[in-house]
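Those letters in the first sequence? Residues 288 to 881, per the numbering used here, in order.
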Amino acid sequence: MNHWSQFFIPTLKESPADAEIASHKLLVRAGLVRKLGGGLYTHMPLGLRVIHKITQICREEINAGGGIELWMPHLHPVENWTEGPRWNLAREIMFRADSAGAGKRAPAEPEFVLGPTHEEIITPLAKTEITSYRDLPKNFYQISTKFRNEIRPRYGLMRAREFIMMDAYSFDADDAAATQNYLRMKAAYERFFTRLGVQFIAVEADTGVMGGNFSHEFMVPAEVGDNDVLYCDESGYAANREKAASALVPADLADAAPDGAVEEFATPGVTTIAQLEAAPHSVPAGSQFKTLIYIGDGKPFIVILRGNDELEEAKLGALGFNLFRPATPEEIVPVLGAKPGSLGAVRGTLGNPNPTALAGVFADHAIRLVGNGVTGANKDGFHLRHVNVARDLAITRFGDFRRVREGEPCPVCGKPLKLRRGIEVGHIFKLGTKYSERYNAVYTDAQKQSRPMVMGCYGIGVSRSMQAIIEQSHDADGIIWPWTVAPFQVLVCLLDPQNEEAKSVAQKLAAAAEQAGADVLIDDREERPGVKFKDADLIGIPLRVTIGGKGLKEGVVEMKWRAEKELAKVPVGVAESHLATLVRDAWEKAPRVK
RNA sequence: CGGGGUGUAGCUUAGCCUGGUAGAGCGCUACGUUCGGGACGUAGAGGCCGAGAGUUCGAAUCUCUCCACCCCGACCA
288 MNHWSQFFIP TLKESPADAE IASHKLLVRA GLVRKLGGGL YTHMPLGLRV IHKITQICRE
348 EINAGGGIEL WMPHLHPVEN WTEGPRWNLA REIMFRADSA GAGKRAPAEP EFVLGPTHEE
408 IITPLAKTEI TSYRDLPKNF YQISTKFRNE IRPRYGLMRA REFIMMDAYS FDADDAAATQ
468 NYLRMKAAYE RFFTRLGVQF IAVEADTGVM GGNFSHEFMV PAEVGDNDVL YCDESGYAAN
528 REKAASALVP ADLADAAPDG AVEEFATPGV TTIAQLEAAP HSVPAGSQFK TLIYIGDGKP
588 FIVILRGNDE LEEAKLGALG FNLFRPATPE EIVPVLGAKP GSLGAVRGTL GNPNPTALAG
648 VFADHAIRLV GNGVTGANKD GFHLRHVNVA RDLAITRFGD FRRVREGEPC PVCGKPLKLR
708 RGIEVGHIFK LGTKYSERYN AVYTDAQKQS RPMVMGCYGI GVSRSMQAII EQSHDADGII
768 WPWTVAPFQV LVCLLDPQNE EAKSVAQKLA AAAEQAGADV LIDDREERPG VKFKDADLIG
828 IPLRVTIGGK GLKEGVVEMK WRAEKELAKV PVGVAESHLA TLVRDAWEKA PRVK
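Laid out in structure tokens, this is it:
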């Protein structure tokens, strides 16, 4: 057991000026963290206890899911990255680590980077250490610090430059086995987040920089979350907006027949969808084609959307470019012969002067709903009408590129999709052989054939999860820790530490609670009761036992759950056994998955 | 990387527009009175006003540069 007077819990009455959201304010006010710089935090003693609770649960569940814990360096020889498949993408978020010596760095000194994740380390390790199918499957994980030079760190631990993460990497002999491993980890994640005591949803997600076949994100619903999740209560469908699909275009939709010959018309000064929608042209956005130009691996390509749809840029990842970005107006003019605002992809208006310059014309399925519409003429100040999707547009292929909106039909059951925001606390990817092929991480199978290992990778934001729990579980007075992750489960609030009788009762109760399996903190500070109660609510210990002169005169102590208003008066004689029962019940009721 | 905002005691901040060398609350120290929901009184300690340069007799205040932090955006033609 710990005594508050001997521990260190620097609570604050006021919120720090740089904290915006409730969980960030409470992290600081409750003395869980202190800021060093932007996105850099010291985990104070109380906060570290929560981190330890979370990592312990994480270990137990990842172990149960087949994980084997190891520990890799945070300082990576840069060669591991330059030889990998995503150096150009990942280097932007990486910190370079040089010797701090004054002028002592020799030109030939090895270069290091601080690890933002560890595929580039674990895959070469697997290559040298795993050579036979008999060694597979394997799933390695670590719980350690990650370094990422986030463009904009914010909200305390929510997006930090240095943070604590569980990262796991699975290696399998074939795709089917890798899927099994993936599903096993998905189940482990569900057990883990359930045990944390947070509400969460697993959603289909974009694979982003990781690459690979498919992935799920674990989201804690919260207004302050960075991610939009579209979900359906009917079918259980849930996906990150970057990935979400909808049944907006009916499967049996017949393509519209042309309604006349393509006709050019003058639109001086009109360069936006909205301007074309206004008088005198009065073309509804839903009857326009939006033509966007991107550069993919150095070559321009076109994306066509409905005028009233938005591009979901992450979906362009499906096109297979390593790197893509919006084209600049300077890049567009030489390719299409017109400035942005008059662009289109009608056959015959493209490819002037150089048709082979384009890497493709990719159309969103939803433009089929437009059927016949208006698009740019690739001639400044002119548009084309009666443009028919099937007849006139030079489409390489169709795909899903638009951003799905709330209320669109669920792709599974057709009911309207709902939208909510969430904090991403976990992400799992089935990687395939992207990394193993690059690093030549192969094994020999039973037929003596050399084959690349099939990988998966898995991450849990440990420090972010701590904050997500607070965001989801707090009130006006402070944090309300779930039983399983509370820094202490029982707070023995000794109102009069000078009173020998009260002190002795407190010791006995603390010992009983500890005996029953709780971590106990005794507030033995020389403070007024009001200060102690306020602090108790702020730091959010689930069960508070109050021992005060008033109660002792009646022969009772008080027991109160942080999450509830009611307060129970328990006779001193039975208090120890009652408290022990409460603790055992709390463990009994703690959320878990069999 | 672009836009906006803020930097004054450990924390929250006033003062800045209109220049005259800094004030409050919390916290801290000592003493006294209090003592079941952040008590009160008295007396204290604590600030090169983010850094540098400039203007001026004189700069927290005006000008310039830099730095840090916070917010918004990162793309849609």
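Cβ atoms here follow ideal geometry from the backbone N, Cα and C, with glycine treated the same way. Fair warning: this is a prediction, and the values are worked out from it, not measured in the lab.
Sequence-distant residues of the same chain with beta carbon closer than 6 Å to residue i, five excluded per side
i       : result
Met-846 : Val-832, Ala-855 and Val-857
Pro-640 : Confidence is the limiting factor: at Pro-640 the pLDDT is only 49, short of 50, which leaves the residue's position unreliable and the question unanswerable from this model.
His-714 : Glu-504 and Gly-746
Pro-545 : Asn-675 and Arg-678
Glu-724 : Pro-739
Proximity below 9 Å, CB of residue i to CB of residue j
i       : j       : result
Ala-873 : Trp-770 : yes
Leu-630 : Val-648 : no
Lys-790 : Glu-521 : no
Ala-465 : Lys-821 : no
Lys-414 : Ala-728 : yes
Val-779 : Val-807 : yes
Leu-401 : Arg-383 : yes
Ala-526 : Tyr-518 : yes
Arg-690 : Arg-446 : no
Ile-430 : Val-749 : yes
Ile-826 : Pro-774 : yes
Leu-598 : Gly-686 : no
Asp-732 : Ala-653 : no
Val-590 : Asp-542 : no
As assigned by DSSP and simplified to three states, the class of residue i
i       : result
Asn-367 : helix
Pro-640 : Residue confidence is low: Pro-640 scores 49 on pLDDT, short of 50, so the model does not pin down where it sits. No coordinate-derived value is stated.
Val-777 : strand
Phe-608 : coil
Gly-860 : helix
Met-288 : coil
Cys-744 : strand
Pro-703 : strand
His-652 : coil
Arg-871 : helix
Pro-571 : coil
Pro-739 : strand
Arg-879 : coil
Thr-404 : coil
Lys-300 : coil
Arg-689 : strand
Contacts around residue i, its chain only, beta-carbon distance under 8 Å, and the 5 residues preceding and following it disregarded
i       : result
Val-620 : Lys-626
Ile-409 : Met-359, Phe-427 and Tyr-456
Lys-882 : Within the shown structure, residues of the chain are numbered from 288 to 881, placing residue 882 beyond reach of any answer.
Phe-669 : Glu-551, Phe-552, Ala-553, Thr-554, Ser-629 and Gly-663
Leu-610 : Asn-375, Leu-376, Gly-583 and Asp-584
Val-792 : Ile-834, Leu-839, Val-844, Val-859 and Ala-862
Option nearest residue i by Cα separation, candidates the options
i       : options                               : result
Tyr-726 : Leu-412, Thr-329, Lys-322 and His-714 : Leu-412
Lys-433 : Arg-441, Cys-345, Glu-449 and Lys-666 : Glu-449
Arg-812 : Ala-797, Lys-666, Phe-820 and Pro-784 : Pro-784
Lys-721 : Lys-705, Arg-708, Pro-739 and Ile-710 : Pro-739
Leu-680 : Lys-717, Val-772 and Ala-632          : Ala-632
Ser-533 : Glu-348, Pro-698, Leu-796 and Ala-850 : Pro-698
Lys-577 : Gln-562, Ala-566, Gly-583 and Pro-537 : Gln-562
Leu-444 : Ala-463, Pro-545 and Ile-338          : Ile-338
Ala-463 : Thr-615, Gly-743, Glu-617 and Glu-599 : Gly-743
Glu-416 : Thr-554, Phe-458 and Arg-446          : Phe-458
Leu-483 : Val-772, Val-516, Thr-558 and Glu-617 : Val-772
Thr-868 : Arg-815, Gln-802 and Glu-851          : Gln-802
Arg-692 : Thr-558, Lys-530 and Glu-853          : Lys-530
Asn-514 : Asn-786, Leu-319 and Arg-707          : Arg-707
Asp-422 : Ala-460, Glu-437 and Ile-451          : Ala-460
Beta-carbon contacts of residue i that lie in its chain and below 7 Å, excluding the five residues immediately before and after
i       : result
Pro-313 : Rather than Pro, the amino acid found at residue 313 in this sequence is Leu. Closer than 7 Å at the Cβ level, and outside the excluded window around Leu-313, lie Ile-757, His-761, Gly-765 and Ile-766.
Pro-403 : Ala-377, Ile-380, Met-381, Lys-433, Phe-434 and Arg-435
Thr-481 : Pro-878, Arg-879 and Val-880
Glu-307 : Tyr-442
Gly-547 : His-673
Pro-440 : Gly-325, Gly-326, Arg-446, Ala-447 and Arg-448
Leu-362 : Ala-384, Phe-399 and Leu-401
Gly-694 : Pro-703 and Leu-704
Thr-418 : Tyr-730 and Thr-731
**Report entry** Cβ pair count under 8 Å reaching 3, the region 652-664 against the region 475-495
**Finding:** no
Query raised in the report: Quick one: any contact between the region 752-767 and the region 455-474, if contact means 3 or more CB pairs under 8 Å?
Result: no
Report task. Inspect the CB distances between the region 796-805 and the region 856-871 and report whether three or more fall short of 8 Å. Result -> yes
Query raised in the report: Per the contact definition of three or more C-beta pairs closer than 8 Å, is the region 289-305 in contact with the region 315-335?
Result: yes
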